[in-house]
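What follows is one structure encoded as structure tokens, with my remarks underneath.
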């Protein structure tokens with residue numbers, strides 16, 4: 001009978017740990033993405049201007065497609 005209680009407590013602890021871990025990881029990722037947002041068109045335009053290039057919308061769209069294709073791999 002004692003073995004049944006040990007197994008039950010272990011399963012409950014495992015489920016509670018998994019749920020707690022999920023919420024902690026979710027909160028960490030939300031704060032990380034808030035501090036380090038993924039690159040967007042405006043950031044890409046600013047970066048190109050800082051490098052001395054005159055960004056055209058066609059070039060920005062091309063670079064965004066390339067970056068999105070690279071992140072999906």
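Residue numbers (UniProt numbering): 1 to 73. By construction, the Cβ of each residue, glycine as well, lies at the ideal position given by its N, Cα and C atoms.
Expected contact under 8 Å - CB spacing of residue i and residue j to nearest Å
i, j, result
"residue 24", "residue 45", "At roughly 36 Å, the Cβ-Cβ gap does not stay under 8 Å, so residue 24 and residue 45 are not in contact."
"residue 55", "residue 64", "Contact doesn't hold; Cβ gap of about 11 Å is too wide."
C-beta contact flag for residue i and residue j at 8 Å
i, j, result
"residue 67", "residue 39", "yes"
The segment 27 to 39 / the segment 5 to 15 touching (three or more Cβ pairs under 8 Å): no
Alpha helix (DSSP H) segments (min. 4 residues) lying fully within the segment 20 to 48: none
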